[in-house]
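Trainee: Sequential numbering from 1186 applies to the sequence shown in my numbering. Here a beta-carbon is modelled for each residue, glycine too, at the ideal position from N, C-alpha and C. Please find one structure pasted underneath; my questions will follow.
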Amino acid sequence: MSRRPGARLLVALATLMVVNGCASSTPGLVANSAGYLAQGSGDGRITFGIQICAPPGVNVWVTDIQPLAWVGSGFDVLGFRLASYDAPGGITVATSGFPPAIPTRPGEQVYAVGDHVAVQPCESAQRLSEVQVGLARRGPSGGGLSSVRITYGGTVSGEIVTDVGMLFCGPSTTDCPVDR
1186 MSRRPGARLL VALATLMVVN GCASSTPGLV ANSAGYLAQG SGDGRITFGI
1236 QICAPPGVNV WVTDIQPLAW VGSGFDVLGF RLASYDAPGG ITVATSGFPP
1286 AIPTRPGEQV YAVGDHVAVQ PCESAQRLSE VQVGLARRGP SGGGLSSVRI
1336 TYGGTVSGEI VTDVGMLFCG PSTTDCPVDR
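In structure tokens, the structure reads:
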């Protein structure tokens, strides 16, 4: 889990839940399906992560990321970027800010979507890759993304749709418990 010290964030559910394990509809990219439920404080900007990797012998890079399905309307999509970091750094569960102000994992480097930076291989014990998704809370109704489409190119090209639950608490999702 990646969090800046002192970040003003109440995470109602800060546990990465792998819904279907790794899923890949094509041989070029593997992405984890995950769910998060958060209630932002401060500016309400949150970074979520989706761990990705390339199967053995495949060299790919992410060319585009698009929201595919969502719930509610109390949020804005701020953007997408890519991160690579040393293992065993944890996936970004819910980090305050987008982009986060300071890298929090050893060897972390960030890239723009479309940069020709290779996705780390699935068998790598040294480095990991993730897509970072920036969302902002817009209102009390909550909401967020329920799936994204990741397009890639390289030795093979294609796209993968991965189910996510990157959600802000509210009546359109789930009300967060009150922190007492």
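I'd like the list of long-range same chain contacts for residue 1234, defined as Cβ closer than 6 Å, with 5 residues on each side in sequence excluded.
Mentor: As a working note, residue 1234 is residue 49 in the sequence shown. Counting only Cβ-Cβ distances below 6 Å, and skipping sequence neighbours, we find 1276, 1277, 1315, 1317.
Trainee: Which residue's Cα is closest to the Cα of residue 1341: 1240, 1220, 1236, 1217?
Mentor: Counted from its first residue, the sequence shown places residue 1341 at position 156. For the set 1240, 1220, 1236, 1217, the Cα lying nearest the Cα of residue 1341 is the one of 1240.
Trainee: Just the C-alpha distance for residue 1339 and residue 1284, rounded to the nearest angstrom, thanks.
Mentor: As a first step, residue 1339 must be located in the sequence shown, where it is residue number 154. As a first step, residue 1284 must be located in the sequence shown, where it is residue number 99. Approximately 26 Å between the Cα atoms of the pair.
Trainee: What residue does the beta strand (DSSP E) around residue 1248 start on, and which one ends it?
Mentor: Translated into the one-based positions of the sequence shown, residue 1248 becomes position 63. First-last of the beta strand (DSSP E) with residue 1248: 1245-1257.
Trainee: Would the segment 1294-1311 and the segment 1254-1263 be scored as touching if the rule is three or more Cβ pairs under 8 Å?
Mentor: no
Trainee: Is residue 1232 helix, strand or coil by DSSP?
Mentor: The sequence position of residue 1232 within the sequence shown is 47, counting from 1. Here residue 1232 sits in strand by DSSP.
Trainee: Less than 6 Å between C-beta atoms, sequence neighbours within five positions excluded: which residues of the same chain meet that for residue 1344?
Mentor: On the sequence shown, residue 1344 is found 159 positions in, with the first residue counted as 1. So the qualifying residues of the chain are 1334, 1336.
Trainee: Could you tell me which residues DSSP puts in a beta bridge with residue 1298?
Mentor: Counting from 1 along the sequence shown, the entry for residue 1298 is found at position 113. DSSP lists no partner for residue 1298.
Trainee: Shortest alpha-carbon distance to residue 1293 belongs to which of 1356, 1357, 1274?
Mentor: Start at 1 with the first residue of the sequence shown, and residue 1293 comes out as number 108. Checking every option, the nearest Cα to that of residue 1293 belongs to 1274.
Trainee: So the candidates are 1352, 1281, 1313; which of them puts its Cα closest to the Cα of residue 1332?
Mentor: Walking along the sequence shown from the start, residue 1332 turns up at place 147. Comparing Cα positions, the closest option is 1352.
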